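K.L.:
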Amino acid sequence: MQYISTRGGAPAVSSARAIVDGLAPDGGLYVMAPDALPKLDWRALMELDYPALAARILSALLPDFSESEAEAMVRRAYAGKFSDPALTPLRAAGDDLFLELFHGPTAAFKDVALCLLPHLMTASSAKCGHEGEILILTATSGDTGKAALEGFRDVDGIRILVFFPRDGVSPVQKAQMVTQAGKNVGVCAVEGNFDDAQTGVKRIFAAAPEGLSSANSINIGRLVPQVVYYFAAYFAAVRMGRIRAGEELNFSVPTGNFGDILAGFLALELGLPVGKLICASNANNVLTDFIRTGVYDRRRPFHKTLSPSMDILISSNLERLLYLLSGDSALVASLMAQLADEGHYTVPEALMEKLRGRFTAFCCDDAGTKAAIKEVWERSHYLMDTHTAVGWRAARDFGGGPTVILSTASPYKFPAAVLSALGADGGADEFAMMDELEALTGVPMPANLRGLRERPVLHRDCVAPADMLAYVMRRKAEPSWAKE
Ligand SMILES: *Cc1c(COP(=O)(O)O)cnc(C)c1O
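As structure tokens, then:
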């Protein structure tokens, strides 16, 4: 199986090359041809442990990796990193089912892919005969940055530079990033929002792609590891007696860049009995409007919400979905050009009908998010973070059959919002609020978030979006980033 560009203007490449390059040279995203996707016999996978399951899925989607090679890599990548032996446990709370994806090193779901990506990147680079250092550029809405820094720190032959929106991440998220140690890591604030940071990174790729790669979900190596937990969740729901094997299971996914939910679509295409994929958004509801009307229109106010990791108006991976459903790269290229030039596009109705067969969408504002946290806490003593709460609301609004809600972050990453949802006034200090939340709820704080306040700040750079390219060129030329 080869990878091709969603925009059709670049040669087909191997899976290893797609991982090393991150973005296709024509500005499109690497994706498989829709008819090249294999079907897996999911019943034969039910008894496998997580690493063995992951190996099957990885080698099916990234054929440069044999199953045994993938399994060894997965075991190495996750060993000792997750605080739950199941890695991504499925928890029942009343009638609700939460897929907890936040038990990794940085307490958000992005760890699942970003523990593995450095291993995939290093091995892919060797398979391609790539010589020289790789510089990973990453734009983050808050959680990718820390997970990528942690994953890539001190990996030989790689440096990583993370851009985060200066005023667009929670204080805990910011503290996690600017205190990051490691001899190959850089962190820089951008005077703008996530879309500015992500657009800036894509421009750098267009201007000077040599030796660059990405840890964002524009990299296919980010998406494939996320397919695994849809299978794991399905099997766990069967074991818990919530569904019969073969029955359809819906997934409600708090969505920003459309990466996580696209992994769910790939699981469905591989043959897992997935019902509806519920796209859950906050007040930045560009995707809700799109899925309902077929019009994608980013010309709208950007809202800073209590679920900052989903404050996104340009949802990159939707491009992959449009290609996978249509197989029409000329159409995708023209829609993306229109988005860049005019800020909107309209998808033909026949394609939207296909899309709505698989996806539905709901959104909720900050008041709805807080009400959800309070309601679920009072009813079943389950503590949701703000993103998970958006997903829970969407699942409730949909209301159709057994549904798994993806729980994408620990509530301790957003203590101010969660405390206030519970009716407690937390004062001004986010770090004190983490302790207060623990005292109030008795839900243990993830060990890796403790002591954040005491860690020294190591990164203070801040640039305007227009200066990102010059900044990258300057940092790239520095012989070493090791700090004394
Ligand atoms: C990144 C993130 C999301 C959105 O995921 P996408 O793959 O960008 O759609 C949701 N919740 C949390 C906590 C996140 O960090």
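Sequential numbering from 12 applies to the sequence shown in this note's numbering.
Every residue, glycine too, gets a C-beta built ideally from N, C-alpha and C.
These figures come from a predicted structure and were not determined experimentally.
Say yes only if the C-beta of F370 is nearer than 8 Å to one or more non-hydrogen atoms of ligand 1, and no if none qualify.
P.N.:
Checking every heavy atom of ligand 1 against the Cβ of F370, none is found closer than 8 Å.
K.L.:
Please name the residue in A278, P490 and Y356 whose C-alpha comes closest to that of L51.
P.N.:
Here the closest residue by C-alpha is A278.
K.L.:
Quick one: is H114 buried, meaning 16 or more other Cβ sit within 10 Å of its Cβ, or exposed?
P.N.:
Classification of H114: buried, given that the 10 Å Cβ count is 16 or more.
K.L.:
Please tell me whether V198 and V180 are closer than 9 Å, where the distance is taken between their beta carbons.
P.N.:
In this structure, V180 does not lie closer than 9 Å to V198 by Cβ.
K.L.:
What does the alpha-carbon distance come out to for the pair N204 and A55?
P.N.:
Looking at the two C-alpha atoms, the distance is approximately 45 Å.
K.L.:
Write down every uninterrupted run of the alpha helix (DSSP H) in the region 197 to 241 whose length is 4 residues or greater and which is fully enclosed by it, in chain order.
P.N.:
Those alpha helix (DSSP H) runs which fall completely within the region 197 to 241 and span 4+ residues are 205 to 218.
K.L.:
When you compare only the Cα positions, how much space is there between R177 and A256?
P.N.:
Taking the straight line from one Cα to the other gives about 47 Å.
K.L.:
Pick out whichever of A137, I384, P129 and A420 has its Cα sitting closest to the Cα of D165.
P.N.:
Ranking the options by Cα distance to D165, first place goes to P129.
K.L.:
Just tell me which of S136, H355 and G338 has its CA closest to the CA of L324.
P.N.:
For L324, the nearest C-alpha among the options comes from H355.
K.L.:
Assuming contact is defined by CB atoms lying nearer than 9 Å, are L73 and L131 in contact in what I supplied?
P.N.:
Yes. Within cutoff.
K.L.:
Less than 6 Å between C-beta atoms, sequence neighbours within five positions excluded: which residues of the same chain meet that for I416?
P.N.:
The answer, listed in chain order, is F109, S263, G402, W403 and A406.
K.L.:
Terminal residues of the continuous beta strand (DSSP E) containing S263?
P.N.:
L260 to P265 is the span of the beta strand (DSSP E), which, as asked, contains S263.
K.L.:
My guess is that G385 and A344 are in contact by the Cβ rule of under 8 Å, so how many angstroms apart are they, rounded?
P.N.:
According to the sequence as given, residue 385 is Lys; it is not Gly. Wrong, their Cβ atoms sit about 46 Å apart, outside the cutoff.
K.L.:
Can you determine whether any heavy atom of ligand 1 sits closer than 8 Å to the C-beta of I272, and answer yes or no?
P.N.:
Yes - ligand 1 has a heavy atom lying nearer than 8 Å to the Cβ of I272.
K.L.:
Can you name the residues that DSSP bridges to A420?
P.N.:
According to DSSP, which records beta bridges pairwise, A420 is partnered with A119.
K.L.:
Would you say the beta carbon of N268 comes nearer than 8 Å to a heavy atom of ligand 3?
P.N.:
Of the ligands one can find in the structure shown, namely ligand 1, none is ligand 3.
K.L.:
May I have the straight-line CA-CA distance separating P236 from A124, to the nearest angstrom?
P.N.:
If I take the Cα positions, the gap works out to 5 Å.
K.L.:
Reducing DSSP to helix, strand and coil, say where V173 ends up.
P.N.:
Strand at V173.
K.L.:
Figure out for me which residue from A458, P426 and V306 has the closest Cα to the Cα of E447.
P.N.:
If we check each option's Cα against that of E447, P426 comes out closest.
K.L.:
Between A159, E330 and C139, which has its C-alpha nearest L148's C-alpha?
P.N.:
Answer by Cα proximity: A159.
K.L.:
Suppose contacts are defined by Cβ-Cβ distances below 9 Å. Is C139 in contact with Y89 by that definition?
P.N.:
Taking 9 Å as the Cβ cut-off, C139 and Y89 do not qualify as a contacting pair.
K.L.:
Distance, Cα to Cα, P220 vs P36?
P.N.:
Rounded to whole angstroms, P220 to P36 spans 8 Å at the Cα level.
K.L.:
Just how far apart, CA to CA, sit A47 and M444?
P.N.:
Roughly 50 Å between the two C-alpha positions.
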